[in-house]
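Just below is one structure, and these are the notes that go with it.
2 protein chains.
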Amino acid sequence: MLEYVTDPDDPRLTDYTRLRDVELRKSLEAERGLFLAEGEKVIRRAIGAGYPIRSVLTTRRWLAPLEDVLGDATVYVVSDEIMSGIAGFQVHRGALASMERLPLPGVETLLKRGGRRMLVLEDLVDHSNVGAIFRSAAALGVDGIILSPRCADPLYRRAVKVSMGAVFSIPYARMDDWFDGLAQLREAGCQTLALTPDQTAAPIDEVKAAGRVALLLGAEGDGLSSHWLEEADQAVCIPMSAEAMAAGVDSLNVVAAAAIACHGLMRSSR
Amino acid sequence: MLEYVTDPDDPRLTDYTRLRDVELRKSLEAERGLFLAEGEKVIRRAIGAGYPIRSVLTTRRWLAPLEDVLGDATVYVVSDEIMSGIAGFQVHRGALASMERLPLPGVETLLKRGGRRMLVLEDLVDHSNVGAIFRSAAALGVDGIILSPRCADPLYRRAVKVSMGAVFSIPYARMDDWFDGLAQLREAGCQTLALTPDQTAAPIDEVKAAGRVALLLGAEGDGLSSHWLEEADQAVCIPMSAEAMAAGVDSLNVVAAAAIACHGLMRSSR
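Residue numbers (the numbering used here), protein chains in the order written: chain A, 1 to 270; chain B, 1 to 270.
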């Protein structure tokens with residue numbers, strides 16, 4: 001159903017307005033239970049994963065490539081000028097979709113589904129990093145992701161975009177309880193591996209993962225909490241060059257570390 | 001030498017003004033042969049690597065932590081308000097330094113220095129990606145980086161910041177000639193490995209790198225040019241999960257891929 005909108009302040013567009021204000025955006029998304037998917041490919045993946053469409057915002061030029069998947073969704077067609085004015089930036093591939101969130105499974109439910117390789121993200125704050133890690137995890141065969149209570153939201157617009165839609169293909173859940181979170185993983189039969197820059201830990205490639213594994217990744221900057229580091233079954237590290245350590249290059253960024261660790265996990269538990 | 005500046009339009013601050021305008025910034029930096037280092041840690045690393053300081057811009061509060069390394073450099077001290085006004089964003093760790101570039105070595109000179117593990121970046125456009133790849137490369141024992149003629153500048157402010165200063169610790173050079181660039185690498189005894197998402201290529205972990213290796217990484221989105229793919233001695237890939245490929249998750253982002261590949265290089269040529 002096409003609706004041509006010529007007034008940028010039209011109340012039909014409120015899902016899309018004030019995109020620039022990050023804080024407001026976050027609370028609006030949580031409050032209304034919506035999220036935004038950007039670009040044809042990502043919108044297709046969200047629809048394919050079963051998320052209901054609230055509406056789509058696009059321009060005349062970008063309508064055609066999406067028409068086959070939109071069904072009877074409401075589509076607001078605006079001018080290029082209104083589009084970039086509302087979005088506050090150049091929208092690549094010219095479409096935004098407002099989608100309804102689906103209820104997340106509980107951690108217990110997610111763990112019961114099985115899967116040998118789990119990733120656990122503790123308190124990551126950067127949405128781009130969360131998105132990039134979901135993308136790597138999906139490509140490298142991770143079966144599910146568990147978020148700490150305070151970890152950044154994978155359905156925040158920036159995370160969705162950077163993940164290229166991988167946030168829709170990989171099942172995830174959010175812990176209610178950080179303090180006892182690892183106990184739940186152990187009860188489900190997961191060997192918990194804490195990734196640390198500490199070079200005295202076991203090199204990730206030498207870990208023999210015979211059964212089910214949960215790899216724990218800590219926040220940007222601070223890394224894993226000491227509570228989780230102590231609670232984990234084993235600490236693992238990515239070996240770094242001695243020259244780098246001497247020069248003070250003492251860690252990898254979390255996206256690089258996650259990629260190497262997921263790759264190692266896929267090798268060791270093939 | 002401290003100079004208190006109270007007028008944001010003071011001509012002494014021109015190195016720092018108009019930070020917001022990316023295009024202008026780029027041309028100014030190239031033209032004047034300067035670059036900007038942000039934050040205490042990164043400024044220390046730039047000074048430690050021998051880059052001459054033109055000046056430092058900071059506030060009263062952030063002056064003390066840097067005082068020991070500034071020597072007789074000119075330091076412009078401004079109010080918090082002027083600082084954030086000029087920088088156009090919240091400056092973390094409150095200091096910017098304008099530094100002079102040093103002449104880059106030629107590719108031939110860089111290759112003559114030796115080093116078994118080289119990385120070659122073809123036409124990357126995103127400064128954050130270039131910075132993150134330098135950071136991973138430094139941590140994972142890459143000996144030098146060669147940039148294609150059009151690859152984004154590692155000394156652009158965003159790249160410097162994301163690299164955490166690794167752009168100062170790892171030697172790099174820029175090719176004059178893209179078309180014959182790989183021939184020069186081969187003449188220097190490098191086995192050239194082209195990283196591709198193509199899953200029929202040799203898995204990176206199975207490559208036996210007996211001698212000197214140059215790993216080629218392509219641009220975001222398009223990957224390596226077909227010319228370089230054909231010219232390279234061997235195509236290598238990072239194995240991906242069959243489920244992911246079926247679901248259309250068909251590649252890793254370049255930072256994740258670079259991290260896995262550098263890690264693999266370090267393992268195979270230890």
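Beta carbons: idealized from backbone N, C-alpha and C, even for Gly.
Residues in the same chain with beta-carbon distance under 6 Å from residue 127 of chain A, minus the five sequence neighbours each way, listed in chain order, please. 152, 156, 158, 159
Does the distance from the CB of residue 57 of chain B to the CB of residue 76 of chain B come in under 7 Å? yes
Pick from A:238, A:198, A:184, A:200 that is closest to residue 214 of chain A, judged by C-alpha positions: A:184
Distance between residue 162 of chain A and residue 36 of chain A (C-alpha atoms, nearest Å): Take the alpha-carbon of residue 36 of chain A and the one of residue 162 of chain A: they are about 13 Å apart.
Would you grab the beta carbon distance between residue 216 of chain B and residue 193 of chain B for me? Rounded to a whole angstrom, and I think it's under 8 Å. 7 Å
If we count the other Cβ atoms within 10 Å of its Cβ and call it buried at 16 or more, is residue 2 of chain A buried or exposed? exposed
Do the segment 222-237 of chain A and the segment 128-141 of chain A meet, that is, are 3 or more Cβ pairs less than 8 Å apart? no
Determine, using beta carbons only, whether residue 255 of chain A and residue 254 of chain B come nearer to each other than 7 Å. no
Other residues of its chain near residue 21 of chain B: CB distance less than 7 Å, five sequence neighbours each side excluded: In this prediction, residue 21 of chain B scores a pLDDT of 49, lower than 50, which makes its location untrustworthy; no coordinate-derived value is stated.
Roughly how far, in whole angstroms, is the beta-carbon of residue 223 of chain B from the beta-carbon of residue 197 of chain B, given that I think they are within contact range, below 8 Å? 7 Å
Which one or two residues does DSSP pair with residue 38 of chain B in a beta bridge? B:96
Measure how close the beta-carbons of residue 69 of chain A and residue 86 of chain A come, nearest whole angstrom, since I'm counting them as under 8 Å. The pair is not a contact, with the Cβ atoms about 22 Å apart (cut-off 8 Å).
Are three or more beta carbon pairs between the segment 167-180 of chain B and the segment 198-207 of chain B nearer than 8 Å? no
Exposed or buried, what is residue 189 of chain B when buried is set at 16 or more other beta-carbons lying within 10 Å of its beta-carbon? Around the beta carbon of residue 189 of chain B, fewer than 16 other beta carbons lie within 10 angstroms, which makes this residue exposed.
Can you look up residue 118 of chain B in the DSSP assignment and give me helix, strand or coil? In the three-state reduction of the DSSP assignment, residue 118 of chain B falls in the strand class, which pools E and B.
Kindly indicate which residue of A:13, A:43, A:99 has the alpha-carbon position closest to the one of residue 53 of chain A. A:99
Between residue 127 of chain A and chain B, is there a C-beta pair that is closer than 7 Å? no
Using the rule of at least 16 other Cβ atoms within 10 Å of the residue's Cβ for burial, across every protein chain shown, is residue 117 of chain B buried or exposed? buried
With DSSP collapsed to three states, give me the class of residue 125 of chain B. In the structure shown, residue 125 of chain B sits in coil (DSSP, three-state: anything other than H, G, I, E or B).
The alpha helix (DSSP H) that contains residue 87 of chain A, what's its start and end? 80-87
Since residue 147 of chain A and residue 175 of chain A should fall inside the 8 Å C-beta cutoff, what is the C-beta to C-beta distance between them, to a whole number of angstroms? 7 Å
So, does the CB of residue 252 of chain A fall closer than 7 Å to a CB anywhere in chain B? yes
Classification of residue 125 of chain A by the beta-carbon crowding that lies within 10 angstroms, buried from 16 upward: Counting other Cβ atoms within 10 Å of its Cβ, residue 125 of chain A stays below 16 and is therefore classed as exposed.
is_contact[residue 21 of chain A, chain B] using C-beta, thresh 7 Å: Below a pLDDT of 50, predicted positions are generally treated as unreliable, and residue 21 of chain A, at 49, falls in that range; the measurement from the model is reported next regardless. Chain B contact via Cβ: absent.
Segments assigned beta strand (DSSP E), at least 3 residues, entirely inside the segment 160-214 of chain A: 172-174, 190-195
Please check if any C-beta of chain E sits within less than 7 Å of the C-beta of residue 85 of chain B. Looking at the structure shown, chain E is missing, and the protein chains on hand are A and B.
Can you check which of these residues, B:234, B:16, B:154, B:5, is closest to residue 186 of chain B by C-alpha distance? B:234
Separation of residue 94 of chain A from residue 40 of chain A, as counted between CA atoms: 8 Å
Chain B contact residues for residue 227 of chain A, given Cβ-Cβ distances below 8 Å: Within 8 Å Cβ-Cβ: nothing; residue 227 of chain A doesn't reach chain B, min ~26 Å.
Host beta strand (DSSP E) of residue 151 of chain B (start-end): Element bounds for residue 151 of chain B: n/a, residue is neither H nor E.
List the residues of chain A whose Cβ lies closer than 8 Å to the Cβ of residue 243 of chain B, in chain order. Simply 141.
The alpha helix (DSSP H) enclosing residue 61 of chain B, as first and last residue numbers: 60-63
Please state whether the Cβ-Cβ distance between residue 209 of chain A and residue 107 of chain A is less than 7 Å. Note that the C-beta distance between residue 209 of chain A and residue 107 of chain A is not below 7 Å.
Other residues of its chain near residue 78 of chain B: CB distance less than 7 Å, five sequence neighbours each side excluded: 5, 57, 59
When DSSP labels each residue in this structure, what does residue 260 of chain B get in the three-state scheme? helix
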